[in-house]
Amino acid sequence: MTDDPLLGRFGVCTDEVHPDLATALDAALAMGMCEVELLAFWGKPLVQMDDVELDRARGLIDKRGMRVSAIASGFLKTVLLGDVPRGQVGRHPAFVAELDVLRAQIRAAKLFGAPIVRTYAFRRDQMIGLGNPSPRLARGGPLPDVMLEKVLEGLRIAADMAGDAGLILGLENVRSCWANSGANTGRILRAANHPALKAIWDPGNDFVSGGVPYPEGYEAVKPYICHVHVKDARELDPATGLTAWEAVGHGSVDYPAQFAALRRDAYDGPLSLETHWHPKGPTGEADTIEDSRVSFEGIKQALAASVAVPSGSWHPNRVDRS
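Take 518 as the starting number for the sequence shown in the numbering used here and just add one per residue.
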């Protein structure tokens, strides 16, 4: 047990720790975590698993007395809307096909008792691959009004489905999608004004997208946050926007200030370590588990430092991109 309420709400994305679920769960427990986020294990996305596989996974989690904070997938991450007419997103074949992914997430969330299913906000035009490198534009770059309208059409349909199931649709900001920075994500959520649509706030993804995670990005999404992802990053090449993931505390995200703000604002939702930093690549159990341990130690140090952070602190690695 821990006396720090923020630390006590930390879990981990199991696929970042180990592809075998039992191994990942045991590693999370050894780090002091009781909560996990599920995306994929046993070499398979969770949304493609059958009842037997899902029941087996639930048994492993229940046996250890752990909880599931969220069900993740790539829902809407690769769907392009550029050629889709306004008012037609709900009929677009790629979007209709993606709804099967959301249905699978909802089914899994019900089974595991998870309150949140993850979404993205459709792929940004002219992105190549995962978007690294791509220009790190201030506040994530433009979000045209016409595109915002189309993004909202799709997200409202998905949020209705999640809400009807008694769940929250958590919109994660990510570099390759229209909700990339905190600024753009906040704009989408304000315009959507949907009770079931909230934010999975990822400061690391805000940074690589060109945002300033704290205070600007955080303040934009603060009213909507239902979950927080924690990872760190730094910029390698300002000319191309090339970035690299880092162990938490070794990149450019001001986590002491971010955690201090979460304390100040009485955030009481889940947080997940989403390691991403694997300097030797995902080469096996020892490396991937150790990478997560190193980042979790960085989280603990940032949490300890956050107690002494004054309001409005400024990180030495922060660059004013306004």
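We put the beta carbon where it would ideally sit given N, CA and C, even for glycine.
Around the C-beta of R608, fewer than 16 other C-beta atoms lie within 10 Å, and the residue is accordingly described as exposed. Annotation: V826 is outside any alpha helix (DSSP H) and is labelled neither H nor E by DSSP. According to the DSSP assignment, K667 belongs to no beta strand (DSSP E) but to the alpha helix (DSSP H) extending over D662 to D681. Proximity to D719 across I742, A713, P632 and M583 peaks at I742, based on C-alpha coordinates. D520 carries a coil assignment under DSSP once its states are collapsed to helix, strand and coil. With a 10 Å radius around the Cβ and a threshold of 16 neighbouring Cβ atoms, D642 comes out exposed.
Around the beta carbon of N701, a 10 Å sphere encloses 16 or more other beta carbons of the protein chains shown; the residue is thus reported as buried.
By the Cβ test, the segment 528-545 is in contact with the segment 578-587, since at least three Cβ pairs between them sit closer than 8 Å. Taking the CA atoms as reference points, L556 sits about 19 Å from A614. Shown here, S789 sits in a strand according to DSSP, grouped into three states.
Residues A750, H793 and W794 of the same chain have their beta carbon placed closer than 6 Å to that of W762, with the five preceding and five following residues left out of the count. Every alpha helix (DSSP H) of 4 residues or more that sits fully in the segment 708-750 is shown, in chain order, as 720-726 and 735-738. Using a 10 angstroms sphere on the CB of N722, the tally of other CB atoms reaches 16 or more, which defines it as buried. Under DSSP, W762 forms a beta bridge with A750. Taking C-alpha positions only, S823 is separated from P602 by approximately 47 Å. The beta carbon of R575 lies closer than 8 Å to those of L628 and F629 in the same chain, with the five residues before and after it left out.
Listed as beta-bridge partners of G687 by DSSP are R635 and K715.
In the displayed model, S586 falls within a strand according to three-state DSSP. A residue is called buried once 16 or more other Cβ atoms fall within 10 Å of its Cβ, and L753, having fewer, is exposed. Counting C-beta atoms within 10 angstroms of its own C-beta, A587 has 16 or more neighbours from the protein chains shown and is therefore classed as buried. P536 sits in coil when the DSSP states are folded into three classes, being neither helix nor strand. Considering only V729, D808 and R780, the residue with the shortest C-alpha distance to T531 is D808.
For L593, the closest of G560, R640 and E552 by C-alpha to C-alpha distance is R640.
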